[in-house]
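Residue numbers (numbering that gives the first Met the number 0): 0 to 153.
Everything below concerns the one structure shown next.
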Amino acid sequence: MTFAARLTQKALHQYFRFARGMTMGVRAAVFDAEGRVFLVRHTYVPGWYLPGGGVEVGEDAVTSLRRELEEEGNIVLEEPPRLHGLYFNRRASRRDHVALYVARRHRQTAPRAPDREIAGTGYFAPDALPEDATAATRARLAEILHGAPVLPFW
């Protein structure tokens, strides 16, 4: 992670520390009909991630997830996602949690073009993930697809 990205992340977490007692995020393992998983590469941090983001004040987790999937991937869920697990993201801060959902029925309204936030997106076979897919992404997919133990930490 670049110095600027670390500085931005720390500043945002300091803001949220005072604005919110706890931060909550949502992510999804979105699988297409061929069993490939949708991943996102951001412009401000290295690596490929499961799509998602923060739960805004006044939003429930599934509404936040639907919003994030549309923003990051032009993905519209066609059935409710299944909650896979709730994780403590201690690497981000002492108060950050992530709800991970699994979504299998969806449609992508259009390919997601890169912009200032999103550097790239794509569907990848689980056994052929990008080399720089994050450790958390790999661990969550192992839990979902191979029955690896669900750990409490993101």
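We put the CB at the ideal spot given by N, CA and C, even for glycine.
Would you grab the beta carbon distance between residue i and residue j for me? Rounded to a whole angstrom, and I think it's under 8 Å.
i      : j      : result
Ala118 : Arg40  : 5 Å
Leu155 : Arg26  : Residue 155 is absent from the model: the chain starts at 0 and stops at 153.
Ser22  : Asp126 : According to the sequence displayed, residue 22 carries Thr and not Ser. Their Cβ separation, rounded to whole angstroms, is 33 Å, which puts Thr22 and Asp126 out of contact at 8 Å.
Gly84  : Gly53  : With 8 Å as the limit, Gly84 and Gly53 do not qualify as a contact, their Cβ atoms being about 18 Å apart.
So, does the CB of residue i fall closer than 7 Å to a CB anywhere in chain B?
i     : result
Ser63 : Looking for chain B here will not work: only one protein chain is present.
Which same chain residues, not among the five before or five after residue i, have their C-beta less than 6 Å away from its C-beta?
i      : result
Asn73  : Gln107, Thr108, Ala109, Arg111
Trp153 : Tyr86, Asn88, Val97, Ala135
Thr120 : Val39, Gly72, Arg111
Glu142 : Val149
So the candidates are the options; which of them puts its Cα closest to the Cα of residue i?
i      : options                     : result
Ala138 : Thr62, Trp47, Val61         : Trp47
Ala32  : Ala3, Val56, Ala147, Phe123 : Phe123
Val149 : Thr120, Val61, Leu82, Gln13 : Leu82
Arg115 : Leu6, Glu71, Tyr14          : Glu71
Gly20  : Gly34, Asn88, Arg93         : Arg93
Phe30  : Leu68, Ala147, Arg90, Gln8  : Leu68
Leu128 : Asp59, Gly34, Val61         : Gly34
Less than 7 Å between C-beta atoms, sequence neighbours within five positions excluded: which residues of the same chain meet that for residue i?
i     : result
Leu49 : Arg26, Ala27, Ala28, Leu38, Thr136, Arg139
Ala4  : Tyr43, Val44
Gly57 : none
When DSSP labels each residue in this structure, what does residue i get in the three-state scheme?
i      : result
Gly119 : strand
Val61  : helix
Thr1   : coil
Leu49  : coil
Asp31  : coil
Tyr43  : coil
Ala102 : strand
Gly146 : coil
Leu140 : helix
Arg66  : helix
Practice task
May I ask you to verify whether the region 90-110 touches the region 65-82, counting CB pairs closer than 8 Å and requiring at least 3?
Solution key: With the cut-off at 8 Å, the region 90-110 and the region 65-82 touch.
Exercise for the section: Pair every Cβ in the region 131-146 with every Cβ in the region 21-38, then say whether three or more of these pairs are closer than 8 Å. Expected result: Enough Cβ pairs lie closer than 8 Å, so yes.
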